[in-house]
Each structure stands twice: as C-alpha cells, then as structure tokens.
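Asker: Structure provided below as structure tokens; questions to follow.
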Amino acid sequence: MIDFQNFKKAQYMTKRMTILKESCELNGLNINYLFGLFNYYNQKNRGRWFWQKAVFTGAIKEKYDSVNSQADELVKSLKDIDESTFNDRVKIISSLLNDLMIKMEENLGIDRSIDRNKVEGFLDANMSALIRDSLGTV
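Per this note's numbering, the very first residue in the sequence shown carries number 3; after that it's consecutive.
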C-alpha cells in the first residue's frame, strides 16, 4: 500500500495514477493492462485517418465517465478523509473500473486470462514513461 500522508501531498497526476493503479491491483491486474487496453481499443476503433481517434460511446462511455468522476471526487476530497475512507472509495472505483474493462474487452473480443500479455504489449513507451514518472513519487 501507499504512505497515505505522503500521498495526500502528491501532485494531481500522481494521485490519479495511484488511484488507478490501486484499483487495477484490486482487480488482479496492473496499470499497464489498463492503458494497454485503452491503446488497443483506440487502435481497433479509430477512424480511417490518423487524426481520427476512437471515442467511447454507449455503455463504455458511461462506465468511463463514472470512473473518471469518482476518481476526480476522491482526489478533491483527500484533505477531508482518512485512509480507511480512501480505501473504501478505491474499492468502489475498482468495481467501476472492472466494469469498464469488461465492456472494452467484450468490444475487442479479449479474454483477460488468455490475452493479458497481448494487451499489455499495446502500452506505448510514452505512456509507460508517464506511468513510471507519476507513480515514482509516491
């Protein structure tokens, strides 16, 4: 786990990335799988031209928005909550994040238990560096 008092003083991006990391780990995954899944989804669902990025629609968009709003609210409330409350809210985010990943996996025809390494392989070097830099300060 994290040093909660030190974590409360971290930069915004570090807090968000740590919440996602902790949420992934509660689902038995690592954060590389999550961002690899995002990259794979973008590759499979983007438009014909290089500037046309994939957009979330329907149930995937709802799940994505829900995860983001919960994570945002948690970061904003860190000053006013204790570690136990933080852990409880991370569990809620973890459940929402798992629902999002399941919807994305269904869309992509991914079986988490079989395709884990394949999905993690879609994590690009820039995102990997961002994750490493963000989590390195906690």
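Cβ coordinates follow ideal geometry from the N, Cα and C atoms, glycine included.
Could you tell me the alpha carbon to alpha carbon distance between A73 and K65, rounded to whole angstroms?
Answerer: Here residue 73 refers to the residue found at position 71 when the sequence shown is read from its first residue. Here residue 65 refers to the residue found at position 63 when the sequence shown is read from its first residue. If I take the Cα positions, the gap works out to 12 angstroms.
Asker: Count the other CB atoms, across all protein chains shown, that sit within 10 Å of the CB of Y14; report buried if there are 16 or more and exposed otherwise.
Answerer: The residue you call residue 14 lines up with position 12 of the sequence shown. It is exposed - the Cβ of Y14 has fewer than 16 other Cβ atoms within 10 Å.
Asker: Do F37 and M129 have their C-beta atoms closer together than 7 angstroms?
Answerer: In the sequence shown, counting from the first residue as 1, residue 37 sits at position 35. In the sequence shown, counting from the first residue as 1, residue 129 sits at position 127. Contact flag set, yes.
Asker: Are the segment 73 to 89 and the segment 4 to 22 touching by the rule of at least three beta carbon pairs closer than 8 angstroms?
Answerer: Contact holds: three or more Cβ-Cβ distances are below 8 angstroms.
Asker: Alpha carbon to alpha carbon, how far is K105 from Y35?
Answerer: By 1-based counting over the sequence shown, the position of residue 105 is 103. By 1-based counting over the sequence shown, the position of residue 35 is 33. Spanning the two alpha carbons is a distance of roughly 14 angstroms.
Asker: Across the segment 109 to 127 and the segment 83 to 93, are there enough close Cβ pairs to call them in contact, namely three or more that are closer than 8 angstroms?
Answerer: They do not touch, by the three-pair rule.
Asker: Who are the Cβ neighbours of R18 in its own chain at under 7 angstroms, not counting the five residues just before and after it?
Answerer: What you label residue 18 is simply residue 16 of the sequence shown in a count that begins at 1. Once the five neighbours on either side are set aside, the close Cβ partners of R18 are A73 and V77.
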